[in-house]
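Shown next, in structure tokens, is the structure this report addresses.
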Amino acid sequence: MRTTLDIKRVGIVLRPSTPELKALFYQVRTAFEKHGAEVLIDAISAGMIGVLGQEFSAMCETSDILVCIGGDGTLISLARRSYRFHKPILGINAGTLGFLADINPAETDSFIDKLYRGEFRIDERMMIEGVLSDGKEQKVLHSFNDIVISRPSISKMVKIDAYIDKKWFNTYYGDGLIVSTPTGSTAYNLAAGGPVTFPLTDAFILTPICPHSLTQRPLVIPADFEIEIKTPEKESLVIIDGQEQYDFGPEDMLVIRKAPVGARLIHRVERNYFDVLREKLSWGQGR
């Protein structure tokens, strides 16, 4: 399988607060420079390892691909922050999980050679677009894994009214509600009892968190539906990918829809999702 990318400029982001990634950064930079590419690094990552960097948006704008050196959390953050540039992302796994960033440091040089030979594939993963409004202002939010509506503290529960295509569908009462992408199905959604969903599916997964009623169950719906979320609670939270947080109250409304474009992830041709799933979740052990 051959895929074409004209890679002349590469933008790199490192996992925060990890200066020990400096050696791996130099390894990746050297591997790309061998093919004549210019390598950029965002200013925050650069400051962490003591090199010169470039402002994040400017780096994304001029790069042909983006490279994340870190774990899945770093890749998720990069996909969200770089959303409007729609650049392919390569994840080099310097973390522990590796569901998304699947290139190990030891195979970095050989895989970059394969990039220039066209021996890779690009998967487009669905993302969520959320519009949070208070009747006066709107915030447009993008999520790679999930949007969570949550209680403000451990001592309280939250009431959530959910509408599908403007028609009331359900009222959730408990610790909160997860609206997940298929990619995010193996994250918080899975921990809360939601289903694992093939990541290239176009669907939303609605999973209640510790619901007060045992009749509440996860629901999978096609991604062409629009979901509206409201709450009568004076204090609740909207959490994006577990990384960004916004206040949410009775004057607010959250509209959730499929984002116009997805995240484009670069993978090995031979990467098989079911092999990764079996390995990461330890399925079939003792067979």
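Under this note's numbering, the letters of the sequence shown match residues -4 to 282, in that order. For each residue, glycine too, the CB sits at the ideal point set by N, CA and C.
What's the gap between the Cα of Gln280 and the Cα of Ser180? 22 Å
Of the residues Glu124, Val8, His81, Pro213, the one placed nearest Asp118, counting alpha carbons only: His81
Please name the residue in Thr25, Ile7, Asp247 whose C-alpha comes closest to that of Ser105. Thr25
Tell me, which residues are paired with Phe106 by DSSP? Paired residues: none, contrary to the question.
Pull up the DSSP beta-bridge partners for Lys154, would you. Tyr168
What residue does the alpha helix (DSSP H) around Glu274 start on, and which one ends it? 268 to 275
Would Asp59 pass as an interface residue toward chain B - the criterion being a Cβ-Cβ separation below 8 Å? Structure shown: chain B not included; a single protein chain is present.
If the criterion is Cβ atoms closer than 8 Å, does the pair Asp236 and Arg75 meet it? With contacts defined by Cβ atoms closer than 8 Å, Asp236 and Arg75 form a contacting pair.
Would you check if there are 3 or more beta carbon pairs closer than 8 Å linking the region 86 to 96 to the region 32 to 45? no
Give a yes or no on whether the C-beta atoms belonging to Lys154 and Glu228 are separated by under 8 Å. yes
Opposite Ala258 in the DSSP bridges: which residues? Arg120
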